[in-house]
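A.B. asks: Protein chains in written order, with my numbering: chain H, 81 to 193; chain F, 2 to 114.
For glycine and all other residues, C-beta sits at the position ideal for the given N, C-alpha and C.
Small disclaimer: the values here were computed from a predicted structure and weren't measured.
Let me give you the structure first, and then I'll get to my questions.
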Amino acid sequence: DQQVKQNSPSLSVQEGRISILNCDYTNSMFDYFLWYKKYPAEGPTFLISISSIKDKNEDGRFTVFLNKSAKHLSLHIVPSQPGDSAVYFCAGRPDFGNEKLTFGTGTRLTIIP
Amino acid sequence: GAGVSQSPRYKVAKRGQDVALRCDPISGHVSLFWYQQALGQGPEFLTYFQNEAQLDKSGLPSDRFFAERPEGSVSTLKIQRTQQEDSAVYLCASSLVRQGEAFFGQGTRLTVV
């Protein structure tokens, strides 16, 4: 039962263009969503988050959009830079109660110089 | 350093051997999590502590897995009688406050041969 789905295992984007990573979820109890970035041989690094009371959160080049009715969120990176090449994980959790994160399977983003 | 520290980074165990994986969370962080990441998958929740109390161990795959955090700081994940299917990266994460963003360590890659 995959509660968080990232249907694109990989994505290649030209440097300077916009990268859009997508994530779908099925658990209606999720109220808070996070994106993590992971380089090889390192642990995931927190990137950006969004609460279900919002539909957009922006931090520099990174913006996360949430469509609660469609149970869909996306991460936009603009402009994309070579250092953005990594695996990106989407994760969800309830806003209260259990703090455990449920992760998707990840999308490998490659930025082409 | 100031981050989450895990040791050892790599562990090779013979099938049937017991292993112990250590996690030093960021000082003062209340919540501590263990996740298991198989190759090509996202991290999967194992167990969660708030201070020394283990509040959720629903993700532990069998009774061969045991975790403790006796003084509310360092945590140890113990796997008894390791099996090949236990081969994975074991990630530890901590967060400062309840519902804060979780910071991950680099992980311990366990290979059971």
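Between Pro162(H) and chain F, is the shortest Cβ-Cβ distance under 8 Å, so that the two count as touching?
C.D. replies: As a first step, residue 162(H) is located in the first sequence; it is residue number 82 there, counting from the start. Cβ-Cβ to chain F under 8 Å: no for Pro162(H).
A.B. asks: What do you get for Lys134(H), buried or exposed, if any count of 16 or more other CB atoms within 10 angstroms of its CB means buried?
C.D. replies: Sequence index remark: in the first sequence, residue 134(H) carries index 54 (1-based). Lys134(H) is exposed by the Cβ-count criterion.
A.B. asks: Relative to chain F, which residues along the segment 121–141 of chain H have a C-beta separation below 9 Å, given in chain order?
C.D. replies: Ala121, Glu122, Gly123, Pro124, Thr125, Phe126 and Ser129
A.B. asks: How is the beta strand (DSSP E) around Leu114(H) delimited, first residue to last?
C.D. replies: Taking the first sequence and counting its residues from 1, one reaches residue 114(H) at position 34. Residues Tyr112 to Lys118.
A.B. asks: Given that a residue counts as buried once 16 or more other Cβ atoms are within 10 Å of its Cβ, and exposed if not, what is Asp19(F)?
C.D. replies: Taking the second sequence and counting its residues from 1, the one referred to as residue 19(F) is at position 18. By the 10 Å Cβ count, Asp19(F) comes out exposed.
A.B. asks: Going along chain H, which residues have a C-beta under 9 Å from Asp64(F)?
C.D. replies: Mapped onto the second sequence, residue 64(F) falls at position 63. Within chain H, no residue comes near Asp64(F); the closest Cβ sits about 20 Å away, beyond 9 Å.
A.B. asks: Verify whether the separation of the beta carbon atoms of Thr125(H) and Tyr112(H) is less than 8 Å.
C.D. replies: As a working mapping, residue 125(H) is identified with position 45 in the first sequence. As a working mapping, residue 112(H) is identified with position 32 in the first sequence. Against a cut-off of 8 Å, the Cβ pair of Tyr112(H) and Thr125(H) comes out as no contact.
A.B. asks: Please confirm if the segment 184–193 of chain H is in contact with the segment 33–51 of chain F, defined as three or more CB-CB distances below 8 Å between the two stretches.
C.D. replies: yes
A.B. asks: Report yes or no: is there a C-beta of chain H within less than 8 Å of the C-beta of Tyr49(F)?
C.D. replies: Start at 1 with the first residue of the second sequence, and residue 49(F) comes out as number 48. Cβ-Cβ to chain H under 8 Å: yes for Tyr49(F).
A.B. asks: Hey, Arg65(F) and Arg82(F) are a contact pair by Cβ (cut 8 Å); roughly how many whole angstroms apart?
C.D. replies: The residue labelled residue 65(F) in the question sits at position 64 within the second sequence. The residue labelled residue 82(F) in the question sits at position 81 within the second sequence. The Cβ separation is near 6 Å, so the contact holds.
A.B. asks: At the level of alpha carbons, what is the spacing between Arg70(F) and Glu53(F)?
C.D. replies: For this step, residue 70(F) is matched to residue 69 along the second sequence. For this step, residue 53(F) is matched to residue 52 along the second sequence. Roughly 5 Å between the two C-alpha positions.
A.B. asks: Would Ser76(F) and Leu33(F) be called neighbours here (beta carbons separated by less than 8 Å)?
C.D. replies: Locating residue 76(F) in the second sequence gives position 75, where the first residue counts as 1. Locating residue 33(F) in the second sequence gives position 32, where the first residue counts as 1. Against a cut-off of 8 Å, the Cβ pair of Leu33(F) and Ser76(F) comes out as a contact.
A.B. asks: State the Cα-Cα distance for the pair Thr106(H) and Ser154(H), rounded to the nearest angstrom.
C.D. replies: If you number the first sequence from 1, residue 106(H) lands on position 26. If you number the first sequence from 1, residue 154(H) lands on position 74. Their Cα atoms are separated by approximately 15 Å.
A.B. asks: Closest to Ser74(F) by CA distance: which of Val31(F), Thr112(F) and Gln84(F) is it?
C.D. replies: In the second sequence, the residue the question calls residue 74(F) occupies position 73. Ser74(F) has its Cα closest to that of Val31(F), out of Val31(F), Thr112(F) and Gln84(F).
A.B. asks: Looking at chain F, is there any beta carbon in it that lies within less than 8 Å of the beta carbon of Leu146(H)?
C.D. replies: On the first sequence, position 66 is the one that residue 146(H) refers to. Cβ-Cβ to chain F under 8 Å: no for Leu146(H).
A.B. asks: Find the nearest neighbour of Gln161(H) within the set Ile191(H), Ser149(H) and Leu91(H), judged by alpha-carbon distance.
C.D. replies: Counted from its first residue, the first sequence places residue 161(H) at position 81. Checking every option, the nearest Cα to that of Gln161(H) belongs to Ile191(H).
A.B. asks: State the DSSP-derived secondary structure class of Asp25(F), mapped to helix, strand or coil.
C.D. replies: Counting from one through the second sequence, the residue named residue 25(F) turns up at place 24. Strand.
A.B. asks: Could you name each continuous beta strand (DSSP E) segment of 3 residues or more that falls completely within the segment 114–154 of chain H, going from the start of the chain to the end?
C.D. replies: 125–131, 136–139 and 142–147
A.B. asks: Give me the chain H residues within the contact set of Gly108(F), using Cβ-Cβ distance strictly less than 7 Å, ordered along the chain.
C.D. replies: Taking the first residue of the second sequence as position 1, residue 108(F) is located at position 107. Near Gly108(F) (Cβ distances below 7 Å), the residues of chain H are Gly123.
A.B. asks: State the CB to CB distance for the pair Leu92(F) and Tyr36(F), rounded to an integer number of angstroms; the pair is presumed to be in contact (CB under 8 Å).
C.D. replies: Along the second sequence, one-based indexing puts residue 92(F) at 91. Along the second sequence, one-based indexing puts residue 36(F) at 35. Going by Cβ atoms, the distance from Leu92(F) to Tyr36(F) rounds to 4 Å, so yes, they are a contact pair.
A.B. asks: Evaluate Pro89(H) with the Cβ neighbour count: other Cβ atoms within 10 Å of its Cβ, from every protein chain shown; 16 or more gives buried, anything less gives exposed.
C.D. replies: Position 9 of the first sequence, counted from the start, is the residue given in the question as residue 89(H). So Pro89(H) ends up on the exposed side.
A.B. asks: Select from the segment 85–115 of chain H all residues with a C-beta closer than 9 Å to any C-beta belonging to chain F, and list them in chain order.
C.D. replies: Gln86, Pro89, Tyr112 and Leu114
A.B. asks: How would you call Thr48(F), buried or exposed, if buried means at least 16 neighbouring beta carbons within 10 angstroms?
C.D. replies: The residue labelled residue 48(F) in the question sits at position 47 within the second sequence. Flag for Thr48(F) reads buried.
A.B. asks: Is the shortest distance between the beta-carbon of Phe105(F) and the beta-carbons of chain H less than 8 Å?
C.D. replies: Start at 1 with the first residue of the second sequence, and residue 105(F) comes out as number 104. Chain H contact via Cβ: present.
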